[in-house]
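Trainee: Next up is a structure, given as structure tokens.
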Ligand code: MN
């Protein structure tokens with residue numbers, strides 16, 4: 257059937273509500289011109305589709321003038337040259353916003369088989385259609401596309417049907433629009449399982465006349481028993497939707513004959529008291545099946561559905577379901593949220609509507625369909641996450657980010673390498689800057705470089721909003737740009753020191769570095785360079801330290817601090833023997849913290865001696881293949897080394913009282929000095945303890961780790977390469 261503007265106008269004139277016919281005609285004229293010459297795959301002129309959508313909205317839901325206009329224009333922005341600005345100028349802000357909303361949710365990629373994921377996408381669709389009318393237009397749009405699916409190619413039929421089944425029918429259900437939900441499901445089923453569909457259809461057809469006379473007889477019997485109720489109740493009877501029967505037969509594995517509610521009889525009354533009275537009468541007339549009675553009047557479904565349900569057995573032994581409800585409940589059951597336009601006149605626009613529909617958003621955002629009130633409130637509590645934005649990869653995967661996140665956060669959320677190699681980004685197909693803030697529903701494409709040497713910009717760390725991205729950017733600079741970090745950190749520190757009038761004192765700087773668990777001045781520069789250490793913190797320490805030293809120097813003739821630092825240097829140097837080099841400063845690389853017993857290798861740095869790495873350190877692998885590969889030299893541990901080495905142990909344990917005390921006791925009982933200990937709680941309730949100890953070598957470290965693993969509650973204890 258082709259819908260025409262004349263049919264639409266006739267329908268409007270029949271309506272009891274008042275419409276701005278001129279505005280609707282103008283919207284039609286614009287859409288007609290925009291789509292002119294374009295045909296649908298059925299061969300019908302394209303304009304027949306928006307007209308049909310408008311007709312459905314008018315006929316089924318009595319939607320308002322702006323919604324009808326937006327329906328007529330809903331494909332104009334997407335498919336033609338006419339922009340949103342034109343629509344706004346001609347039809348106002350409201351219509352433009354509705355069209356924009358429908359266009360945007362139409363662009364959300366819908367492809368998933370995972371239920372959890374599908375639920376997220378349904379949430380996104382809802383979140384994006386800020387005005388509930390947007391989603392109602394979209395449902396009408398989809399309904400008409402389903403009705404005309406026949407003329408489309410088979411793979412398109414399947415894809416559209418799957419989308420409808422996974423996304424649109426559940427949304428219609430949540431909105432309580434059972435009418436649209438059932439029609440969508442039945443059409444979708446026809447394409448998704450043609451055989452199953454036909455089978456049920458033919459079963460239902462088989463004894464159609466018998467069925468109809470059965471329903472008629474039941475209706476007549478009930479009608480007679482309650483004939484004294486005034487005004488007379490409405491009694492309806494029907495065979496349930498094919499899909500609802502299909503689900504019972506194919507999903508729940510029931511036999512066709514076992515399905516109790518193929519038949520449903522509905523009694524519609526004026527008051528709630530009448531409903532309960534009629535329930536009593538029905539149970540008196542027919543034998544109720546135990547446990548099949550449900551009181552959705554006292555406990556409405558999450559989508560506000562209210563009704564009494566009972567299944568009874570008729571004289572012929574055929575079971576049927578009876579639904580008893582008031583007229584108002586019936587309106588809500590049929591049209592859900594849209595009942596608002598159909599039955600409550602006079603409310604125009606979204607501003608008045610918006611507040612009333614707060615509950616809708618809550619329902620829609622619920623994770624699961626809950627059957628009782630307790631579950632509902634629980635679901636709402638857990639599920640509202642208004643501070644997040646949901647954005648899509650071009651493949652349709654959903655990435656959840658905190659509100660305010662930008663392209664950089666997105667790239668790093670996908671994969672560290674995607675972030676590190678990002679050269680640019682497109683949102684909705686358009687190039688954007690790195691600081692572009694993302695909105696729910698954006699489709700974001702990250703462009704990456706294939707070059708091995710490419711890396712993030714230094715300022716990304718400041719632009720990024722998420723800690724995850726910041727940390728990943730920092731760690732890239734830490735790893736990949738050591739020389740650059742040193743240079744960058746040194747010049748920043750020098751500048752700040754000059755500015756604060758702090759004298760150049762290498763020993764003091766080293767002392768400060770050690771307190772940060774940083775071994776060398778170079779490492780300190782590097783840490784400042786990549787942002788691992790805050791420059792202001794170092795400057796504050798330096799100031800304090802210098803003030804203290806000045807005071808001490810006045811009292812002590814010997815520089816105690818300097819003596820200690822010198823001793824440390826000597827002790828360290830003696831631990832390692834380097835091939836071909838005799839007297840040379842040695843430091844232990846922070847990235848892997850080698851310990852006596854580890855296989856090691858040395859790297860001759862520019863100006864700061866030799867840095868010792870474990871041979872299996874990732875930086876060694878990178879370094880050996882790089883341009884400085886000649887600077888790596890063989891190294892091994894001196895026998896009988898008495899030097900102390902620092903090692904960091906990362907402990908995960910169930911949190912309990914005295915946990916830290918037990919951990920420290922375990923270490924102390926081995927006479928191992930604890931250099932530093934940090935503990936914090938993890939989100940899952942466990943505790944994470946990071947302890948730095950001084951050990952003589954790998955054997956001692958292994959011992960202490962074994963001991964720690966035996967401490968009650970400890971889940972894991974591992975040596976970590978990180979400082
Ligand atoms: Mn459309």
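Residue numbers (my numbering): 257 to 979. Here a beta-carbon is modelled for each residue, glycine too, at the ideal position from N, C-alpha and C.
Relative to the alpha-carbon of residue 871, which residue among 847, 490 and 713 has its alpha-carbon at the smallest distance?
Mentor: As a position in the chain shown, residue 871 is number 615, starting the count at 1. Of the listed residues, the one whose Cα sits closest to residue 871 is 847.
Trainee: Taking all protein chains shown into account, do 16 or more other C-beta atoms lie within 10 angstroms of the C-beta of residue 710, making it buried, or fewer, making it exposed?
Mentor: Walking along the chain shown from the start, residue 710 turns up at place 454. Exposed: under 16 other Cβ atoms inside 10 Å.
Trainee: Taking just the CA atoms, how far does residue 754 sit from residue 994?
Mentor: Summary: the structure shown does not reach residue 994, with the chain confined to residues 257 through 979, and so no result is reported for it.
Trainee: Any heavy atom of the ligand MN closer than 6 angstroms to the Cβ of residue 397?
Mentor: Here residue 397 is taken as the residue at index 141 of the chain shown, counted from 1. Correct: residue 397 has its Cβ closer than 6 angstroms to the ligand MN.
Trainee: Does the structure place the segment 676-687 close enough to the segment 737-746 that three or more beta carbon pairs sit under 8 angstroms?
Mentor: Because the criterion of three Cβ pairs below 8 angstroms is not met, the segment 737-746 and the segment 676-687 do not touch.
Trainee: Can a CB atom of chain C be found closer than 7 angstroms to the CB of residue 862?
Mentor: In the structure shown, chain C does not exist; there is a single protein chain.
Trainee: For the structure I just gave you, are there three or more beta carbon pairs, one from the segment 443-451 and one from the segment 561-572, closer than 8 angstroms?
Mentor: The segment 443-451 is not in contact with the segment 561-572.
Trainee: So what's residue 453 in DSSP terms, helix, strand or just coil?
Mentor: For the purposes of this step, residue 453 is identified with residue 197 of the chain shown, where counting begins at 1. Of the three classes helix, strand and coil, the one that applies to residue 453 here is helix, per DSSP.
Trainee: Mind the definition here: the segment 346-361 touches the segment 320-338 only if three or more C-beta pairs lie below 8 angstroms; say whether that holds.
Mentor: Yes, since at least three Cβ pairs between the segment 346-361 and the segment 320-338 fall closer than 8 angstroms, the two stretches touch.
Trainee: For a quick check, are the C-beta atoms of residue 396 and residue 313 less than 7 angstroms apart?
Mentor: Here residue 396 is taken as the residue at index 140 of the chain shown, counted from 1. Here residue 313 is taken as the residue at index 57 of the chain shown, counted from 1. Yes, these two residues count as a Cβ contact at 7 angstroms.
Trainee: Below 8 angstroms on the Cβ atoms is my guess for residue 944 versus residue 971; work out the distance and round it to an integer in Å.
Mentor: Along the chain shown, read from residue 1 onward, the residue named residue 944 stands at position 688. Along the chain shown, read from residue 1 onward, the residue named residue 971 stands at position 715. Residue 944 to residue 971, Cβ: 10 angstroms. No contact.
Trainee: Output the distance between the C-alpha atoms of residue 966 and residue 923, rounded to the nearest integer angstrom.
Mentor: To locate residue 966, count along the chain shown from 1; it is residue 710. To locate residue 923, count along the chain shown from 1; it is residue 667. C-alpha separation (whole angstroms): 12 angstroms.
Trainee: Can you find the residues in the same chain that come closer than 8 angstroms, C-beta to C-beta, to residue 402, ignoring five residues on each side of it along the sequence?
Mentor: For this step, residue 402 is matched to residue 146 along the chain shown. Cβ within range, chain order: 416, 417, 420, 439, 440, 443 and 444.
Trainee: Compute the Euclidean distance between the alpha carbons of residue 509 and residue 579, then round it to the nearest angstrom.
Mentor: Residue 509 sits at position 253 when you count from the first residue of the chain shown. Residue 579 sits at position 323 when you count from the first residue of the chain shown. Looking at the two C-alpha atoms, the distance is approximately 25 angstroms.
Trainee: State buried or exposed for residue 854, treating a residue as buried only when at least 16 other CB atoms are found within 10 Å of its CB.
Mentor: For this step, residue 854 is matched to residue 598 along the chain shown. Buried, because 16 or more other Cβ atoms sit within 10 Å of the Cβ of residue 854.
Trainee: Out of 902, 298 and 258, point me to the one whose CA is closest to residue 773's CA.
Mentor: If you number the chain shown from 1, residue 773 lands on position 517. Ranking the options by Cα distance to residue 773, first place goes to 902.
Trainee: When the Cα atoms are used, what is the spatial distance from residue 629 to residue 528?
Mentor: Sequence index remark: in the chain shown, residue 629 carries index 373 (1-based). Sequence index remark: in the chain shown, residue 528 carries index 272 (1-based). Bear in mind that a pLDDT of 36 at residue 629, under 50, signals an unreliable position, so the model cannot answer this.
Trainee: Give the DSSP bridge partners of residue 893, in chain order.
Mentor: Translated into positions along the chain shown, residue 893 becomes position 637. Its beta-bridge partners are 832.
Trainee: Excluding the 5 residues flanking residue 487 on each side, which residues of the same chain have their C-beta closer than 8 angstroms to its C-beta?
Mentor: Taking the chain shown and counting its residues from 1, one reaches residue 487 at position 231. The answer, listed in chain order, is 526.
Trainee: So, do the segment 697-710 and the segment 720-730 have three or more beta carbon pairs nearer to each other than 8 angstroms?
Mentor: With the cut-off at 8 angstroms, the segment 697-710 and the segment 720-730 do not touch.
Trainee: If you measure from the CB of residue 331, is any heavy atom of the ligand MN nearer than 6 angstroms?
Mentor: For this step, residue 331 is matched to residue 75 along the chain shown. Checking every heavy atom of the ligand MN against the Cβ of residue 331, one is found closer than 6 angstroms.
Trainee: Under a Cβ-count criterion, where at least 16 other Cβ atoms within 10 Å of its own Cβ denotes burial, should residue 270 be classed as buried or exposed?
Mentor: The residue you call residue 270 lines up with position 14 of the chain shown. Exposed, because fewer than 16 other Cβ atoms sit within 10 Å of the Cβ of residue 270.
Trainee: Is residue 290 closer than 7 angstroms to residue 336 when the C-beta atoms are compared?
Mentor: Counting from one through the chain shown, the residue named residue 336 turns up at place 80. Counting from one through the chain shown, the residue named residue 290 turns up at place 34. Against a cut-off of 7 angstroms, the Cβ pair of residue 290 and residue 336 comes out as a contact.
Trainee: Note down, in chain order, each residue of its chain lying with its Cβ closer than 6 angstroms to the Cβ of residue 631, except the 5 sequence neighbours on either side.
Mentor: Locating residue 631 in the chain shown gives position 375, counting from the first residue. In this prediction, residue 631 scores a pLDDT of 37, lower than 50, which makes its location untrustworthy; the coordinate-derived value is nonetheless stated afterwards. Counting only Cβ-Cβ distances below 6 angstroms, and skipping sequence neighbours, we find nothing.
Trainee: So residue 780 is in the alpha helix (DSSP H); what residue range does that whole segment cover?
Mentor: Reading the chain shown from its first residue, position 524 is the one you call residue 780. Start and end: 777-786.
Trainee: Could you name the residues that DSSP lists as bridge partners for residue 579?
Mentor: The sequence position of residue 579 within the chain shown is 323, counting from 1. According to DSSP, residue 579 bridges with 522 and 565.
Trainee: Beta carbon of residue 748, beta carbon of residue 694: below 7 angstroms?
Mentor: Position 492 of the chain shown holds residue 748. Position 438 of the chain shown holds residue 694. The answer is no: Cβ separation not under 7 angstroms.
Trainee: Who are the near neighbours of residue 453 in its chain, counting only those whose CB is closer than 6 angstroms to its CB and skipping five residues on each side?
Mentor: Indexing the chain shown from 1 puts residue 453 at position 197. Around residue 453: 445 and 446.
Trainee: Leaving out the 5 sequence neighbours to the left and right, which residues in its chain are closer than 7 angstroms to residue 545 when beta-carbon positions are compared?
Mentor: Position 289 of the chain shown, counted from the start, is the residue given in the question as residue 545. Closer than 7 angstroms at Cβ, skipping near neighbours: 516, 567, 568, 569 and 575.
Trainee: Skipping 5 residues on each side, what residues in its chain have a beta carbon closer than 6 angstroms to that of residue 258?
Mentor: For the purposes of this step, residue 258 is taken as residue 2 along the chain shown, with counting starting at 1. Within the same chain, residue 258 has close Cβ partners 300 and 304.
Trainee: Alpha carbon to alpha carbon, how far is residue 451 from residue 359? Give it in angstroms, no decimals.
Mentor: Looking up residue 359 in the chain shown gives position 103. Looking up residue 451 in the chain shown gives position 195. Roughly 35 angstroms between the two C-alpha positions.
Trainee: Could you give the residue range of the alpha helix (DSSP H) that holds residue 954?
Mentor: Locating residue 954 in the chain shown gives position 698, counting from the first residue. Per DSSP, residue 954 belongs to the alpha helix (DSSP H) from 954-965.
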